[in-house]
Amino acid sequence: MKNLKIVLIAAVAISMCSAAKAQSKWGDTPDDSIACISNVSLYQEFYKQKSYTDCYEPWRQILLHCPRFSKGVYQRGVTIMESMINIAQTAEERDAYIDELMRVYDQRIQYFGEEAKVKAMKAQELSTLRPNAYKEIYEIYAEAIQAGAEELDENYVTLFFKATVDYVRAGYAEPTLVIDNYDIATSLLEKIRENIEDDSATIAKISSYINNVEAAFSPYASCDQLIEIYQKKFNADPKNPDLLKKITNIMMKKSCTDNPLFFSATENLYEIEPSPSTAMRMGSMCYSKKKYSEAVSYTQDAIKDLTDKKDLYKAYLILGLSYAGQNSYANARTALLKAAEVDRTKGEPYLCLAQVYAQSSRSIDDGMGGRSAYWAAVDEARHAKQIEPTDEIIKKADNIIGTFSAYFPKKADAFMLGLMDGHSYVIPGWIGKSTVIRTR
C-alpha cells in the first residue's frame, strides 16, 4: 500500500507539473489527487452499470477533492442525484438531496462557467422537483436572463416567462413584472426566429413558443390594463429612457398606439434619445394622428439610418401611407414598392397600393369618372394574394376586390368610348399602368 501511494503521488506530480502553475484537474494537493484518482475508477464503473446509488459516494468525493476533473462529472451528477431523490425514504431526506443537486449546478458554474445556460437548467430542474417553489424558480431564471439572455435556448426563454406569471400570481410581485418580462421574452424569441434561415420546422417551433407567451400574457394584455399600470409610472418619471422604451415597445406590440400615453412617451423618448427607431415611432404616431407632413419628415429621417430589415419595411409602409394621406400618390407608390422590395414575401404593400389607386380615382381623367383606377386597385389586390397567400392577406384582398369591382364602369359607358372587356388599356394620369378592361 505504501508503494502504491508513492506511485500515485508520482503520477499526480507529473500531471500537475505539465500544467505549470495552473490548478490541476486532479486536485490542489497530492492528498486530494490521490483521493480523486482512487474514486474516479469506482465512479466510472458504477455509472456504466447504472448503479447510481453505489456511484453516489465516489462521485461526491470527486466533487470534493478534484472539482475541476471534468464537466461530465456534473452532467452525470444530475442523473445520480435524481436517482437518490427518487429513492429517498422521507421528505426531509428528499429535500436534502434536492438542495445538494442545486449546489451541484452552482459548483459547475464555479468551475466550468456557462452561467446563463446552467442557471436555466437549474431553474428547470427545480420546477420539476419543487413545482410550487415559485419564488426560487423565478429568481434563478431571472439570474439566467441577466447573466446572458442571448445565450439561452428558446425553451428556457418561454419557461422564464411562465415562471414570471407564476411568481406574480403567487403574490411575490406586481403585474407590471409580467408586462416587463413579456417584452424581454418576446424580443428574445423574435430575434431567435429572425436569425433562422431555411428551416421552416424550427421557425414554426419558435412561433409556437411566441404564441404560448402571448397566451400566458393575455390576462394582462388589454390596452386599458397597460395604460392603468404605465400611466402612473410615466407621471412619476416621464424622462426615464428605460421606462419610455418599455412603454413604447409594449404598446406597439399590443396595438395600443392610439392612446395619449403612447404619444407622450414617444415624444419624450425622441427628445431624450433621438434614433432611427424613435424617429420611426414618431412617424407612426404622427400618421395615426393624421399629421401626415410630420409623419413623412420623421419617417424619412428614420429610413436614412435604419439597418434592420423588419424596421425598414415598416418605415416604408408608414411613409407610403403618410404620402397617401397628403394625396401625394406617386410618392406613396414609390415608398410602398420600396417596402415590397425590402421584404418580397409580404403582400401588405400591394394591398396598400390598391387603396392608393382607388383613393386617386377622382384625379384620373379617363372619360369614365376615374373608374379605370379601380382596375389597377383590383390588380394589386390579386397580386398581393399571389405574393403572400395567407388567410389574413387573402381575406383582405378578397374584400378589396369585391368592394372595388362594384365600381367598375358599366358596359354601355365603356362601349361608348370604344372599350371592350378583355382588351388592353393604359390607365391615364399618374397611374400609367397597363391593365385589362373589365365592366359590370
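For my numbering, add 3 to where a residue sits in the sequence shown, where the first one is 1.
Note that beta-carbon positions come from the ideal geometry of N, C-alpha and C, so glycine has one too.
On a predicted model such as this, the values are computed, not experimentally measured, just so you know.
In the DSSP annotation of this structure, the continuous segment of the beta strand (DSSP E) that includes Ser427 starts and ends at 427 to 429. In this structure, Ala188 is the residue among Tyr175, Ile140, Ala188, Leu180 with its C-alpha nearest to the C-alpha of Asp156.
With at least 16 other beta carbons inside 10 angstroms of its own, Gln127 counts as buried. Annotated three-state conformation of Ser210 is helix, per DSSP.
In the DSSP assignment, Thr438 falls within the beta strand (DSSP E) that extends over 437 to 439.
Contact between the region 81 to 98 and the region 47 to 64 is present: three or more C-beta pairs spanning the two stretches fall below 8 Å. With a contact defined as Cβ atoms closer than 8 Å, Phe407 and Tyr428 miss out at about 16 Å. Secondary structure of Ile230 (DSSP, three-state): helix. Nearest neighbour of Gly425 by Cα position, chosen from Lys349, Asn271, Ser437, Lys294, turns out to be Ser437. For the set Gly323, Ser278, Tyr332, Cys289, the Cα lying nearest the Cα of Asp308 is the one of Ser278. Residue environment analysis places Met423 among the exposed positions, since fewer than 16 neighbouring C-beta atoms fall within 10 angstroms of its C-beta. The criterion of a C-beta distance shorter than 8 Å is not satisfied by Ser363 and Asp369. By the neighbour-count criterion, in which a residue is buried when 16 or more other Cβ atoms sit within 10 angstroms of its Cβ, Ala239 is exposed. Taking the Cα positions, Arg443 is about 35 Å away from Tyr319. The way I'd put it, the region 376 to 390 does touch the region 348 to 360; three or more beta-carbon pairs between them come closer than 8 Å.
Gln358 and Asp394 have their alpha carbons spaced roughly 19 Å apart. By the criterion of at least three beta-carbon pairs nearer than 8 Å, the region 228 to 244 is not in contact with the region 188 to 200. Judged by DSSP in its simplified three-state form, Glu297 adopts helix. By the neighbour-count criterion, in which 16 or more other beta carbons inside 10 Å mark a residue as buried, Lys249 falls on the buried side.
Membership of Arg336 in the alpha helix (DSSP H) is indicated by the continuous run 332 to 345.
Judged by beta-carbon spacing, Lys138 lies beyond the 8 Å limit of Tyr108, meaning their Cβ atoms are not closer than that value.
Exclusion of the five residues before and after Arg71 leaves Lys28, Tyr114 as the residues of its chain whose Cβ lies within less than 6 Å of its Cβ. Of all C-beta pairs linking the region 205 to 216 to the region 143 to 155, fewer than three are shorter than 8 Å, placing the two stretches out of contact.
The DSSP assignment places complete alpha helix (DSSP H) segments of no fewer than 4 residues inside the region 14 to 94 at 33 to 51, 55 to 68, 74 to 89, in order along the chain. For Thr281, the enclosing alpha helix (DSSP H) begins and ends at 279 to 291.
Counting along the chain, Asp424 sits inside no alpha helix (DSSP H), nor does DSSP assign it H or E at all. For the pair Ala38 and Tyr77, the Cα-to-Cα distance works out to about 18 Å. Within a 10 Å sphere around the beta-carbon of Arg106 sit fewer than 16 other beta-carbons, which makes this residue exposed. For the 8 Å CB-CB criterion, Met371 and Pro412 form a contact.
With the rule of 3 Cβ pairs closer than 8 Å, the region 195 to 210 does not count as touching the region 226 to 234. Around the CB of Glu48, fewer than 16 other CB atoms lie within 10 Å, so the residue is classed as exposed. Here Asp346 has Lys312, Tyr316 as same chain residues with Cβ atoms under 7 Å from its own Cβ, once five neighbours each way along the sequence are excluded. One Cα belongs to Tyr290, the other to Ile397, and the distance between them is close to 26 Å.
For Phe265, same chain residues with a beta-carbon under 6 Å away, outside a window of 5 residues either side, are Met254 in chain order. Selection Asp261, Phe237, Ser73 evaluated against Asn271 yields Phe237 as nearest (Cα-Cα). The beta carbon of Ala305 sits closer than 7 Å to the beta carbons of Pro279, Ala282, Met283, Gly286, Ala318 from its chain, once the five residues preceding and following it are set aside; these are given in chain order.
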